[in-house]
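Note sheet for the following structure.
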Amino acid sequence: MSSILDLFRLDGKVALVTGAASGLGAAIATALAEAGATVAVHGNRRAATETAESIGGTAAAFQADLSSTTGAETLFGAVHKHFGKVDILVNNAGTIHRDAAVDTTLESWQQVLQVNLTGVFQLSQLFAREVIAREVSGPEGKPVGGKIVNIASLLSFQGGIRVPAYASSKGGVAQLTKALANEWAPKHIQVNAIAPGYFATTNTEALQADETRNRQILERIPAGRWGQPQDLAGAALYLSAPASDYTTGSVITVDGGWMGR
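FYI, the numbering for the sequence shown is -8 to 252, going by the numbering used here.
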């Protein structure tokens, strides 16, 4: 008799995690590897070599510029060529530009949207085409589909301040998650998203260093602390594993209670 824990195993699966050179992406990639997956870790400016070395085994690092319209195709092609397939796609790579809306340049706007939203769609499309074309069946003839996990944000629900492009892109990620889930559920591809709250990463270093903003943020979080990258690992594993086969189109908040307050 199988155990419930078996539904969280990823043996034989290949997972691509973007933006995995450090922070949330590295923590997610490590968790998926510990559950048995073979992991492809991506870095934007540099390959996520340190993450791959830390994971060990068959993990491999890849580099691609997702701010380029051709970056997604370059990355997915390289990973598919190396491993022969991709079963799990975690769209974690992201960028942020802080500026008043009246001062935000079109170039900055387009770069944020390309990395955070358009690139997510491009990779998801490439992934779905490959999974649907395979038409693989597993035990007892059950179709083997795929999993897409998008990293959204609290700003998928809120507007934020001085981050118009970022808020727009993350709102788009939430809606894209639902749209793709609707289309691809019949193809046995589950598409979900995680909306992290305030996490201690390089993206939030300026906020952590600002005594006033840091205090205001902590006062607003019921858990009373910044999230750590490993706090995201459980949700990412669930959405990547067979345990979530009947979960699709969901945006799960991991925020220390921020949205519930």
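The C-beta atom is built at its ideal place from N, Cα and C for all residues, glycine as well.
Other residues of its chain near residue i: CB distance less than 8 Å, five sequence neighbours each side excluded
i: Asn205; result: Leu198 and Gln199
i: Thr193; result: Ser13 and Gly14
i: Leu209; result: Gly215, Arg216 and Trp217
Residue i versus the options, residue with shortest Cα-Cα distance
i: Gln116; options: Asn82, Leu145 and Glu126; result: Asn82
i: Lys76; options: Val122, Gln113 and Trp100; result: Val122
i: Thr61; options: Val32, Ala50 and Gln113; result: Gln113
i: Gly151; options: Ile79, Tyr189 and Val245; result: Tyr189
i: Ala28; options: Pro233, Asp246 and Thr86; result: Pro233
i: Asp222; options: Leu(-4), Pro177 and Ala17; result: Ala17
Residue i, buried or exposed, once every other Cβ within 10 Å from all chains shown has been counted against 16
i: Ile19; result: buried
i: Gln105; result: buried
i: Val103; result: buried
i: Ile(-5); result: exposed
i: Leu66; result: buried
Neighbourhood of residue i by C-beta distance below 7 Å, restricted to the same chain and skipping five residues each side
i: Arg153; result: Arg89, Asp90 and Ala91
i: Gly163; result: Leu108
Nonlocal neighbours in the same chain, by C-beta distance under 6 Å from residue i, ignoring five residues either side
i: Leu230; result: Val140 and Asn183
CB of residue i within 8 Å of CB of residue j, strictly
i: Gly110; j: Ala84; result: yes
i: Ala52; j: Ala39; result: yes
i: Ala186; j: Ser147; result: yes
i: Ala63; j: Ala31; result: no
i: Trp100; j: Ala156; result: yes
i: Leu228; j: Ala26; result: yes
i: Asn173; j: Gly240; result: yes
i: Ala226; j: Ile212; result: no
i: Gly49; j: Ala11; result: The question names Gly, but residue 49 is Thr in the sequence shown. Not closer than 8 Å, so no.
i: Gln166; j: Ala191; result: no
| Per the contact definition of three or more C-beta pairs closer than 8 Å, is the region 176 to 195 in contact with the region 132 to 142? | yes
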